[in-house]
Each structure stands twice: as C-alpha cells, then as structure tokens.
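Novice:
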Amino acid sequence: SKLRVGLLFGGRSGEHEVSIISARAIAQALSLEENANKYAVLPFYIQKDGVWQAGEVAQQVLTSGVPQEPLSTTPNLWQFPPETEEVDLWFPVLHGPNGEDGTIQGLLTLMQVPFVGSGVLGSATGMDKIAMKMAFAQAGLSQVKYKAVTRAEVWSNPCVFPKLCDDIEATLGYPCFVKPANLGSSVGIAKVRSRQELETALDNAATYDRRIIVEAGVVAREVECAVLGNDHPKASVIGEITFNSDFYDYETKYTPGKADLFIPANLPDVVAQQIQEMALQAFAAVDAAGLSRVDFFYVEATGEIFINEINTLPGFTSTSMYPQLWANSGITFVQLVDQLIQLAIERHSPVS
Ligand code: ADP
Ligand code: MG
Ligand code: MG
Numbered sequence: 016s017k018l019r020v021g022l023l024f025g026g027r028s029g030e031h032e033v034s035i036i037s038a039r040a041i042a043q044a045l046s047l048e049e050n051a052n053k054y055a056v057l058p059f060y061i062q063k064d065g066v067w068q069a070g071e072v073a074q075q076v077l078t079s080g081v082p083q084e085p086l087s088t089t090p091n092l093w094q095f096p097p098e099t100e101e102v103d104l105w106f107p108v109l110h111g112p113n114g115e116d117g118t119i120q121g122l123l124t125l126m127q128v129p130f131v132g133s134g135v136l137g138s139a140t141g142m143d144k145i146a147m148k149m150a151f152a153q154a155g156l157s158q159v160k161y162k163a164v165t166r167a168e169v170w171s172n173p174c175v176f177p178k179l180c181d182d183i184e185a186t187l188g189y190p191c192f193v194k195p196a197n198l199g200s201s202v203g204i205a206k207v208r209s210r211q212e213l214e215t216a217l218d219n220a221a222t223y224d225r226r227i228i229v230e231a232g233v234v235a236r237e238v239e240c241a242v243l244g245n246d247h248p249k250a251s252v253i254g255e256i257t258f259n260s261d262f263y264d265y266e267t268k269y270t271p272g273k274a275d276l277f278i279p280a281n282l283p284d285v286v287a288q289q290i291q292e293m294a295l296q297a298f299a300a301v302d303a304a305g306l307s308r309v310d311f312f313y314v315e316a317t318g319e320i321f322i323n324e325i326n327t328l329p330g331f332t333s334t335s336m337y338p339q340l341w342a343n344s345g346i347t348f349v350q351l352v353d354q355l356i357q358l359a360i361e362r363h364s365p366v367s
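Everything in the sequence shown is counted per the working numbering, starting at 16 for the first residue and increasing by one.
(1) Taking contact to mean at least 3 C-beta pairs separated by less than 8 Å, is the stretch 128-147 in contact with the stretch 319-327?
(2) Within this structure, are the beta carbons of K162 and L187 separated by less than 8 Å?
(3) Report whether the distance from the Cβ of N50 to the nearest heavy atom of ligand 2 is below 7 Å.
(4) Compute the Euclidean distance between the alpha carbons of V238 and A152, then round it to the nearest angstrom.
(5) What is the chain-ordered set of residues for which the beta carbon lies under 7 Å from any non-hydrogen atom of ligand 2?
(6) Within the present structure, is the beta-carbon of D310 separated from the nearest heavy atom of ligand 3 by less than 7 Å?
(7) Would you say L23 and W105 are within 8 Å of each other, going by their C-beta atoms?
(8) Quick check: does the Cβ of K273 come within less than 7 Å of any heavy atom belonging to ligand 4?
(9) Does the stretch 201-210 come close enough to the stretch 251-265 to have 3 or more Cβ pairs within less than 8 Å?
(10) List the endpoints of the continuous alpha helix (DSSP H) containing N52.
(11) What residue from E84, T99, L86 has the CA that sits closest to G383's CA?
(12) Measure the C-alpha to C-alpha separation of R362 and S133 and round it to an integer number of angstroms.
(13) Enumerate in chain order the residues of its own chain whose CB-to-CB distance from V159 is below 6 Å, with the five nearest sequence positions on each side excluded.
(14) Thinking C-alpha only, which one of N219, L18, G25 is nearest R166?
(15) Out of E214, W341, V20, state which residue places its alpha-carbon closest to the alpha-carbon of V193.
(16) Is it the case that the Cβ atoms of L243 and W341 are separated by a distance below 8 Å?
(17) Verify the contact flag: G141, CB atom, against every heavy atom of ligand 1, threshold strictly below 7 Å.
(18) Could you give the C-beta distance for H110 and S16, rounded to a whole number, given that I count them as a contact under 8 Å?
(19) Please tell me whether, using a cut-off of 7 Å, the distance from the CB of G254 to the nearest non-hydrogen atom of ligand 1 is below it.
(20) Can you tell me whether DSSP reads T83 as helix, strand or coil?
(21) Which residues in the same chain as Q289 place their Cβ atom closer than 7 Å to its Cβ, once the five residues preceding and following it in sequence are excluded?
(22) Measuring alpha carbon to alpha carbon, tell me which of L217, E115, Q120, A146 ends up nearest A297.
(23) How many whole angstroms separate the CB atoms of V352 and L45, which I take to be in contact at a CB cut-off of 8 Å?
(24) Per the DSSP calculation, D275 is bridged to which residue(s)?
(25) By how many angstroms is the C-alpha of P329 removed from the C-alpha of I35?
(26) Taking the C-alpha atoms as reference points, what is the distance between R236 and D261?
(27) Quick check: A42 and V56, are their CB atoms within less than 8 Å of each other?
(28) Just to confirm the assignment, what range does the alpha helix (DSSP H) spanning I183 have?
(29) Just checking F151 against ligand 1 - is the residue's beta carbon closer than 7 Å to any of the ligand's heavy atoms?
(30) Since L22 is in the alpha helix (DSSP H), which residue starts that stretch and which ends it?
(31) Compute the minimum distance between the beta carbon of S157 and the heavy atoms of ligand 1, and state whether it is under 7 Å.
(32) With DSSP as the reference, label Q405 as helix, strand or coil.
(33) Could you pull the start and end residues of the beta strand (DSSP E) that S244 belongs to?
(34) Which class does E71 belong to by DSSP, given the choice of helix, strand or coil?
(35) Which of the three DSSP states, helix, strand or coil, is assigned to S105?
(36) Over what stretch of residues does the alpha helix (DSSP H) that includes V207 continue unbroken?
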C-alpha cells in the first residue's frame with residue numbers, strides 16, 4: 016500500500032504564501048512518475064492563526080494558492096483534524112517562525128511519526144542567527160564580524176543604549192546590517208549607514224524579536240549551495256543570485272524579475288569546492304538533516320568566502336534555488352522529493 020504523506024503547509028509566519036506555492040510543487044511531484052505508485056498525499060493546511068485544516072479545505076488552498084482566512088473566533092489550537100492519525104510520514108513545507116524553527120519539529124517528534132528535514136535542534140539552531148553563528152564559529156567557518164543584541168538592551172535601559180550603539184560603531188562600522196535573529200525572507204532587516212539609521216533599525220528589529228544581530232556589511236557576490244542527506248550529506252553545484260537593489264530584501268526576493276539565478280555560478284573550481292566543503296560543515300555544525308540551503312558571501316577581489324546563513328527549510332517552488340541546484344546536479348524535482356522522504360525514513364528508523 017502507499018505511504019501516506021502528510022504535507023504540512025501555510026503556517027503562522029510571514030512566509031505563509033510562499034509555503035503554499037512550495038507545497039503545491041511538492042504535491043505535484045509526489046503524484047508524478049514512480050512517486051504516484053509509492054505515495055499518497057494528505058494535505059494539511061495551517062491557517063495564519065495556527066488552526067489546522069485537512070481534507071477539502073486544505074486541498075482547496077493547495078490547488079488555488081489562496082490562503083483561507085481564519086475565523087474571528089478564538090482558535091482551538093489543540094484540535095487537530097482526524098486525518099492526522101492517518102499520516103505515515105510528515106513533510107513540513109513551512110518557512111520561518113513556527114515551522115522552520117523547531118516548534119513543529121517538536122510536535123511531530125511527540126507524535127512519533129517520521130518527518131522530512133531537520134529535528135528540533137537543527138531547526139532551532141538554523142533559525143536563530145545568533146545560535147547559528149556561534150555554531151559556525153565553533154566549527155571554524157569564516158563569517159563577517161557581528162554583535163548579538165537583546166531587546167532589553169535596546170528598549171529597557173536608556174543608559175545602555177548609547178553605549179551599545181558606540182560599541183557597534185567602533186567594532187562593526189558602517190554600513191552594517193541589523194536583523195531580528197529569528198526571521199527569514201529579509202523581514203525586519205535594515206542596512207544602516209548612520210547613527211540615526213542604526214538607532215531606528217535596532218528599535219524596529221526589537222519589535223520583531225527579543226534577539227537581534229548586527230553584522231558588518233560586506234560587498235560581495237551572493238552564492239548558495241544545496242545540501243541533501245543525513246549523516247553523509249552531499250553538496251550541490253553552486254548557484255548565484257544577482258539583483259540591482261541595495262541588498263537582497265523582501266521585495267527583491269518576491270517580485271518576479273527583480274533577481275536572477277545563475278546555475279552553476281561562474282566561479283573558479285577551487286572556490287566552488289571550498290563553498291561545498293563549508294556548506295557540509297555548516298550542515299553538520301547545526302545538526303541539520305535531510306535538506307538545507309547554505310548561503311555565502313564571496314568577495315571576488317580578495318577570494319574571501321564568508322558563510323551567511325543556513326536555511327533548513329528553503330523555498331521549494333519549482334523555480335526556487337534549492338530544487339534548481341539539484342536539477343543542475345542531476346537530481347530532478349520528482350527524484351528530490353522521493354529522496355527526502357527516504358532520508359526521513361532512514362533518520363527515524365530505530366538503530367538496529
Ligand atoms: P534572511 O534569513 O532573511 O534571508 P539574511 O541574513 O540572508 O536574512 O540577509 C538577507 C540579505 O541581506 C542577504 O541576502 C544580503 O543581500 C543582505 N545581507 C545580510 N547580511 C549582510 C552582510 N553582513 N553584508 C552584506 N549584505 C548582507
Ligand atoms: Mg534565512
Ligand atoms: Mg538569506
């Protein structure tokens with residue numbers, strides 16, 4: 016009989032809409048070629064208020080791509096659809112908070128059903144840019160200078176704030192990037208060039224997260240590497256993103272035509288190999304599993320490679336970098352989703 020795959024999408028995050036598009040591409044791939052004989056898709060849609068929908072409502076959202084608006088009543092968050100019990104394996108296709116950050120992974124772990132991708136630790140470490148950078152530093156991966164800041168330092172103590180800004184100016188300089196630690200899609204990120212902008216950006220970032228990171232700005236090419244596997248993962252060819260905006264912000268990411276992907280990136284072989292090596296080290300450093308996309312800054316003039324971040328549930332639409340990198344490395348979209356499911360089964364099998 017077919018393995019019943021619970022496709023989990025939507026979610027309480029700013030990347031709700033992207034998640035629906037990613038899930039639709041995955042559902043389609045699960046219904047093609049040999050996958051059709053192996054897998055049956057059960058769609059599970061998490062509304063923006065956190066309520067789970069299965070069956071026709073979920074299928075409707077998947078097919079139409081249009082989010083189902085939550086009811087105005089207080090949601091009952093502990094009521095899961097009865098279809099939940101029919102799932103043999105979960106495929107979370109959720110980006111950002113409450114999906115990519117270990118929260119859903121904790122729930123699925125408690126359900127004792129295998130799931131695709133990283134577990135609690137890998138997801139949480141990969142999502143929190145401060146924890147992530149600490150893990151990368153420990154692994155010896157080179158990254159730009161940064162400083163971790165808390166909301167309390169920004170908001171609660173008027174004596175601390177000026178000193179904090181002085182310190183950032185002295186150690187990181189301008190331009191620097193102010194980021195909420197636990198978001199994605201560039202939400203809440205600001206590139207700042209002056210004291211005034213720094214203060215505003217810190218205050219704004221504090222509205223998103225208790226944890227904030229400030230990084231020295233680097234002028235570099237942005238290159239990405241896909242990783243697939245568990246304990247012996249593989250790295251894909253390298254891809255590059257180019258755009259004309261000031262940085263790769265939300266608008267550039269999601270407005271068609273504003274950014275271009277080049278696969279494989281035009282890089283010297285040694286550089287590509289070093290990036291692949293670093294991607295695999297980063298994957299291990301945060302304890303990722305299944306899949307990740309690891310993003311880098313490459314400073315052509317000096318040959319320096321800085322790791323920027325790992326994304327443990329990267330965008331997975333048909334045009335997204337992650338599946339495109341594998342397509343260019345010889346694994347089709349249809350094969351990729353099959354491999355991810357097999358990796359989930361392998362990872363969750365009891366040690367014999
Ligand atoms: P997200 O997880 O939201 O994608 P990133 O840390 O990748 O956040 O930052 C988003 C974008 O901001 C990057 O793709 C890059 O264009 C720009 N950026 C972020 N940090 C730096 C930096 N230290 N130097 C230069 N550009 C940066
Ligand atoms: Mg990210
Ligand atoms: Mg990024």
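In this text, a Cβ means the ideal position worked out from N, Cα and C, and glycines have one as well.
Specialist: This is what the structure gives:
(1) The stretch 128-147 is in contact with the stretch 319-327.
(2) It is a contact, given that the beta carbons lie within the stated cut-off.
(3) Incorrect: N50 has no Cβ contact closer than 7 Å to ligand 2.
(4) Within the model, the alpha-carbon separation for V238 versus A152 is close to 20 Å.
(5) Residues with a Cβ closer than 7 Å to any heavy atom of ligand 2, in chain order: G199, E324, N326.
(6) D310: yes, Cβ under 7 Å from ligand 3.
(7) With contacts defined by Cβ atoms closer than 8 Å, L23 and W105 form a contacting pair.
(8) Ligands displayed in this structure: ligand 1, ligand 2 and ligand 3; ligand 4 is not among them.
(9) They touch, by the three-pair rule.
(10) Here the alpha helix (DSSP H) through N52 covers 50-53.
(11) In the structure as shown, the chain begins at 16 and stops at 367. Residue 383 is therefore absent and cannot be evaluated.
(12) Roughly 10 Å separates the two Cα atoms.
(13) Cβ-Cβ distances below 6 Å link V159 to E230, A231, V233, F321 in the same chain, with the five nearest sequence neighbours on each side left out; the list follows chain order.
(14) With distances taken between Cα atoms, R166 lies closest to N219.
(15) Ranked by how close their Cα comes to the Cα of V193, the residues E214, W341, V20 have E214 in first place.
(16) Yes. Within cutoff.
(17) Not so, every heavy atom of ligand 1 lies at least 7 Å from the Cβ.
(18) Between S16 and H110 the Cβ distance is about 31 Å, and since that is not below 8 Å, they are no contact.
(19) Not under cutoff, so the answer is no.
(20) The identity of residue 83 in the sequence shown is Gln, whereas the question assumes Thr. DSSP places Q83 in coil when its eight states are reduced to three.
(21) For Q289, the CB contacts under 7 Å within the same chain, skipping 5 residues up- and downstream, are I320 in chain order.
(22) Each of L217, E115, Q120, A146 was checked against the Cα of A297, and the nearest Cα belongs to A146.
(23) The C-beta separation of V352 from L45 comes to about 6 Å, placing the pair in contact by the 8 Å criterion.
(24) Checking the DSSP bridge columns, you'll see D275 partnered with T257.
(25) Spanning the two alpha carbons is a distance of roughly 13 Å.
(26) Approximately 13 Å, taken between the alpha carbons.
(27) Their beta carbons are under 8 Å apart, which means A42 touches V56 by this criterion.
(28) Here the alpha helix (DSSP H) through I183 covers 175-186.
(29) Not one heavy atom of ligand 1 lies closer than 7 Å to the C-beta of F151.
(30) Counting along the chain, L22 falls outside any alpha helix (DSSP H), though it belongs to the beta strand (DSSP E) covering 18-25.
(31) For S157, the shortest separation between its Cβ and any heavy atom of ligand 1 does not lie below 7 Å.
(32) Absent from the model: residue 405. The displayed extent of the chain is 16 to 367, so no value can be given.
(33) At residue 244 the sequence reads Gly, which differs from the Ser that was named. Where G244 is concerned, the enclosing beta strand (DSSP E) stretches over 236-244.
(34) Looking at E71 - three-state DSSP - the assignment turns out to be helix.
(35) Before going further, note that residue 105 is Trp rather than Ser in the sequence given. Correct three-state label for W105: strand.
(36) In the DSSP assignment, V207 falls outside any alpha helix (DSSP H) and within the unbroken beta strand (DSSP E) covering 205-207.
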